[in-house]
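Working notes, structure below.
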Amino acid sequence: MSARLHEFADGAALAEGLADAVSAALAEGVAARGHATIAVSGGSTPKAFFKALSTRDIDWSNVTITLVDERFVPADNPRSNHLLVAENLLRDKAKAASFLPLYRAAESAEEAARIATADAAALGAPFDVAILGMGTDGHTASFFPGGSRLAEAISPETPRGVITMEAEGAGETRLTFTFTSLQDARLLVLHIEGQGKKDVLAAAEKDGPETDMPIRAMLRRAATPVDIYWAP
Ligand SMILES: O=C1O[C@H](COP(=O)(O)O)[C@@H](O)[C@H](O)[C@H]1O
1 MSARLHEFAD GAALAEGLAD AVSAALAEGV AARGHATIAV SGGSTPKAFF
51 KALSTRDIDW SNVTITLVDE RFVPADNPRS NHLLVAENLL RDKAKAASFL
101 PLYRAAESAE EAARIATADA AALGAPFDVA ILGMGTDGHT ASFFPGGSRL
151 AEAISPETPR GVITMEAEGA GETRLTFTFT SLQDARLLVL HIEGQGKKDV
201 LAAAEKDGPE TDMPIRAMLR RAATPVDIYW AP
């Protein structure tokens, strides 16, 4: 396990520090390849970081933002990660970025996942940046303990792309990028806040099955060492 811990005094300092690192990685991607990609998580943690990142002066017109995972709900649903990104990141300077949604108004979540997979493949791989979150149950992305397709989602054999996931505690059916899509991002970040999440991380760093705490798949097997950003 070769994760690096970046500690900050508070959430505001973390948001600024993470926005600095992410904007530098995106600018590097644009300079090197003409275009950069970032997959971000939803949940309650990333709001301040999104707002800080949106003010950074980079060539956003050559950046595509997508989601690590999403609920199978339209973008006007208050639980939509797309809505969270629209309100907090796709503003200020970052308004010029493109956004690739995972949700599609398709007949089924499976069909939406197929469409999102095809669109994401056109972006190329790996992502320049992937920002993971973590739930208190040790889930990351929509890799939930007990999830209907957890083994497939975290398998190194499953191709890059978006798959569906159902799990108790997940609420709606989820759409999630697979482990293989995220684990080799050029900058791979785990963004967590609060002592509770630090305790969950400490538990995840102990021995035990990945299926109990799926964040272990990233901590143990990601090709890119995970940069952990934390504040109390
Ligand atoms: O369900 C989800 O939760 C996790 C963590 O969310 P938080 O509210 O504890 O920050 C998030 O990473 C994931 O994208 C989201 O779908």
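When we follow full-length UniProt numbering, the leftmost residue of the sequence shown carries the number 1, and every step to the right adds one. Ideal placement from N, C-alpha and C gives every residue a C-beta, glycine not left out. Keep in mind the model is a prediction, meaning the values are calculated, not measured.
Item                                                                                                                                                                                          : Value
Where do the N-terminal and C-terminal ends of the alpha helix (DSSP H) with Arg221 fall, by residue?                                                                                         : 215-221
Run the Cβ filter for me: residues under 5 Å from any heavy atom of ligand 1, listed in the order they occur in the chain.                                                                    : Ser41, Gly42, Gly43, Ser44, Thr45, Asp69, Gly133, Gly135
Return the first residue and the last residue of the beta strand (DSSP E) that His191 is part of.                                                                                             : 187-193
Can you give the Cα-Cα distance for Gly171 and Gly147, rounded to whole angstroms?                                                                                                            : 12 Å
Please go through the same chain and pick out, in chain order, the residues whose beta-carbon is closer than 8 Å to the beta-carbon of Ala202, but skip the five residues on each side of it. : none
Let me confirm a value: Arg71 is counted as buried when at least 16 other C-beta atoms fall within 10 Å, else exposed. Which label applies?                                                   : buried
Give the DSSP-derived three-state secondary structure of Asp10 in the structure shown.                                                                                                        : coil
In three-state terms, what does DSSP make of Phe49?                                                                                                                                           : helix
Does the stretch 187-206 come close enough to the stretch 152-167 to have 3 or more Cβ pairs within less than 8 Å?                                                                            : no
Using only the alpha-carbon positions, how far apart do Ala120 and Ala9 sit?                                                                                                                  : 36 Å
How would you label Thr136, buried or exposed, when you count the other beta carbons within 10 angstroms and need 16 or more for buried?                                                      : exposed
Which two residues bound the contiguous alpha helix (DSSP H) that contains Leu150?                                                                                                            : 150-154
Okay, do the stretch 103-114 and the stretch 38-49 touch, 3+ Cβ pairs below 8 Å being the bar?                                                                                                : no
For Thr37, which residues in the same chain have their Cβ closer than 6 Å to its Cβ, ignoring the five residues on either side in sequence?                                                   : Thr64, Leu123, Phe127, Asp128
Mind checking Glu168: buried by the 16 CB within 10 Å criterion, or exposed?                                                                                                                  : exposed
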